[in-house]
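K.L.:
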Amino acid sequence: MSFSVHHYALELDYKPHSGRLSGRAVLQASCTALSSFSLSFGSLRVSKVLVNGKPARYAHAGGVLNVRAAVRGSFSVEVRYSGTPVPISTPEWGDLGWDELTDGSIVASQPIGAPSWFPCLDDPSSKASYLIDVTAPSSYTVVCNGVLVDGKVSGSTTRWTYSMAAPMATYLSTVQIGQYVEALPGVWAPSRLRRPVAHDFGRQSEMVELFSSLFGPYPFAGYAVVVTDDALDVPVEAQGLSTFGSNHVDGRRGSERLVAHELAHQWFGNSVGIAAWEHIWLNEGFACYSEWLWSEASGGRSADVCAAAARDLLQRLPQDVVIGAPDRAHWFDDRVYQRGALTLHTLRREMGDDSFFALLREWCARHRHGVVTTDDFLNLAGHQDLLTHWLFEPDLPL
Ligand SMILES: [Zn+2]
1 MSFSVHHYAL
11 ELDYKPHSGR
21 LSGRAVLQAS
31 CTALSSFSLS
41 FGSLRVSKVL
51 VNGKPARYAH
61 AGGVLNVRAA
71 VRGSFSVEVR
81 YSGTPVPIST
91 PEWGDLGWDE
101 LTDGSIVASQ
111 PIGAPSWFPC
121 LDDPSSKASY
131 LIDVTAPSSY
141 TVVCNGVLVD
151 GKVSGSTTRW
161 TYSMAAPMAT
171 YLSTVQIGQY
181 VEALPGVWAP
191 SRLRRPVAHD
201 FGRQSEMVEL
211 FSSLFGPYPF
221 AGYAVVVTDD
231 ALDVPVEAQG
241 LSTFGSNHVD
251 GRRGSERLVA
261 HELAHQWFGN
271 SVGIAAWEHI
281 WLNEGFACYS
291 EWLWSEASGG
301 RSADVCAAAA
311 RDLLQRLPQD
321 VVIGAPDRAH
331 WFDDRVYQRG
341 ALTLHTLRRE
351 MGDDSFFALL
361 REWCARHRHG
371 VVTTDDFLNL
381 AGHQDLLTHW
391 LFEPDLPL
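Once you know that position 231 of the sequence shown is 231 in the UniProt record's numbering, the rest is easy, because the numbers rise by one and skip nothing.
(1) Would the beta-carbon of leucine 378 fall within 8 Å of that of threonine 343?
(2) Given 7 Å as the limit, tell me if asparagine 270 has its C-beta closer than that to any heavy atom belonging to ligand 1.
(3) Would the beta-carbon of glutamate 92 be found less than 7 Å away from any heavy atom of ligand 1?
(4) Kindly examine ligand 1 and report whether one of its heavy atoms sits closer than 7 Å to the Cβ of histidine 17.
(5) Below 7 Å, is the gap between the Cβ of asparagine 283 and the nearest heavy atom of ligand 1?
(6) Between valine 322 and phenylalanine 392, is the Cβ-Cβ spacing less than 8 Å?
(7) Do three or more CB pairs link the stretch 106 to 121 to the stretch 168 to 178 at distances below 8 Å?
(8) Is it the case that the Cβ atoms of leucine 263 and phenylalanine 211 are separated by a distance below 8 Å?
(9) Could you tell me how far apart the beta carbons of histidine 367 and valine 272 are, in whole angstroms, since I believe they sit closer than 8 Å?
(10) What is the DSSP secondary structure of serine 212, reduced to helix, strand or coil?
(11) Rank Pro111, His248 and Ala198 by C-alpha distance to the C-alpha of glutamate 278 and give the top, closest one.
(12) Between histidine 248 and ligand 1, is there a pair consisting of the residue's CB and a ligand heavy atom that are separated by less than 7 Å?
(13) Kindly indicate the opening and closing residues of the beta strand (DSSP E) around arginine 80.
(14) Arginine 366 by DSSP, collapsed to three states: which one?
(15) Quick check: is any heavy atom of ligand 1 less than 7 Å from the C-beta of glutamate 237?
(16) Nearest by alpha-carbon distance to valine 149: which of Arg361, Tyr140, Val142 and Trp160 is it?
(17) If I'm right that leucine 101 touches aspartate 230 with Cβ under 8 Å, what's the distance once you round it to whole angstroms?
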């Protein structure tokens, strides 16, 4: 594509009681010569578009903001907008993007929800740095991607400024707003859940140690967790941050495998991103396998036992998904997760632990903050016959 965005500066003002959001997005972009360009943007109302500081003509309909301005080389686009954000409804994945909680809001965009709250080039292969600045009533805590660089109280509101310097895909950008307290350093939760959250997330730093030794250094400046007061269907990964629902907390580490899964996405999915959604097993297969690695290392079931259970499950399900290139309807199919993990376990048994984990470290180092395809993995890993069968033929190998 001839058009790319390198940096998003998002300045938002949010009123939790009315659900009203007003925003100013400044994108630093570059392109070959164009007479117009388009960004994805949902249903918030655009009041002004400026290109290089000058008002530009635009049309906004059907989730597309088309800006009519002659641009070439580096340029900036500023979009001012407001309204009540609503998630983007999809038949496959339900509601995505900015959504209201009982008290506050959440952003869970994977895969196509980011345009619900800011205009963007919404493609997993397009990564940019971010500055996210949110003003909300002072009784609320705002958690976004990256490092909190400023927090200014003025009157009854607080302005929170977060910087994500590492390149980030749009679907991994997030804003979490709620009445949260810090249950552990970097772990935010409603005060009623403080104790069970502190217990359930208590081994997260051990997980970071394990994964750093197996995959290479943790790829971002920090890691935060938000536990919402509402229940969520599934936890959600964002860059440098994961969000869990109150239903994922029981005070007995009943969902600890998910804590490991979301953390592992910081290496697989967030730092090493995918060039297109069809390569999703590189995120989910690896994150699922990380659950087994944590289980094995922490005295739970061994990876062999987890693998046998996954094989049992996969044998009972239809073998009609090609996990190396699933169609849109199957991107987040459980078989992509389980068979992806089983593929990695089979490769580990074939290569031996030393070579296998050296491969994972090389994968994470070589593609740190970049994007990859399944072919990239095949080329690095070798064992083409084994991997081709596991990834590109629907029947389960013996
Ligand atoms: Zn996942």
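Even glycine gets a Cβ: it sits at the ideal position worked out from N, Cα and C.
P.N.:
With the given structure in hand:
(1) Position 378 of the sequence shown, counted from the first residue, corresponds to residue 378. Position 343 of the sequence shown, counted from the first residue, corresponds to residue 343. Contact: no.
(2) Within the sequence shown, numbered from 1, the residue matching residue 270 stands at position 270. Not under cutoff, so the answer is no.
(3) On the sequence shown, position 92 is the one that residue 92 refers to. In this structure, glutamate 92 has its beta carbon at no less than 7 Å from each heavy atom of ligand 1.
(4) Counting from 1 along the sequence shown, the entry for residue 17 is found at position 17. No, the Cβ of histidine 17 stays beyond 7 Å of every heavy atom of ligand 1.
(5) By one-based count along the sequence shown, residue 283 stands at place 283. Inclusion of asparagine 283 in the 7 Å shell around ligand 1 follows from its C-beta lying nearer than that to a non-hydrogen atom of the ligand.
(6) Taking the sequence shown and counting its residues from 1, one reaches residue 322 at position 322. Taking the sequence shown and counting its residues from 1, one reaches residue 392 at position 392. Yes, Cβ-Cβ distance for valine 322 and phenylalanine 392 is below 8 Å.
(7) Three or more Cβ pairs drawn from the stretch 106 to 121 and the stretch 168 to 178 lie within less than 8 Å of each other, which places the two stretches in contact.
(8) Residue 263 sits at position 263 when you count from the first residue of the sequence shown. Residue 211 sits at position 211 when you count from the first residue of the sequence shown. Yes, Cβ-Cβ distance for leucine 263 and phenylalanine 211 is below 8 Å.
(9) Locating residue 367 in the sequence shown gives position 367, counting from the first residue. Locating residue 272 in the sequence shown gives position 272, counting from the first residue. Confirmed, Cβ separation roughly 4 Å.
(10) For the purposes of this step, residue 212 is taken as residue 212 along the sequence shown, with counting starting at 1. Serine 212 falls in the helix class under three-state DSSP.
(11) Indexing the sequence shown from 1 puts residue 278 at position 278. Ranking the options by Cα distance to glutamate 278, first place goes to Pro111.
(12) Counting from 1 along the sequence shown, the entry for residue 248 is found at position 248. Taken from the Cβ of histidine 248, every heavy atom of ligand 1 lies 7 Å or farther away.
(13) Residue numbering aside, residue 80 sits at position 80 when the sequence shown is read from its first letter. Per DSSP, arginine 80 belongs to the beta strand (DSSP E) from 71 to 83.
(14) Here residue 366 refers to the residue found at position 366 of the sequence shown. For arginine 366, the secondary structure class from DSSP, reduced to helix, strand or coil, is helix.
(15) Along the sequence shown, read from residue 1 onward, the residue named residue 237 stands at position 237. Yes.
(16) Along the sequence shown, read from residue 1 onward, the residue named residue 149 stands at position 149. That would be Trp160, whose Cα lies nearest to the Cα of valine 149.
(17) For the purposes of this step, residue 101 is taken as residue 101 along the sequence shown, with counting starting at 1. For the purposes of this step, residue 230 is taken as residue 230 along the sequence shown, with counting starting at 1. With 8 Å as the limit, leucine 101 and aspartate 230 qualify as a contact, their Cβ atoms being about 5 Å apart.
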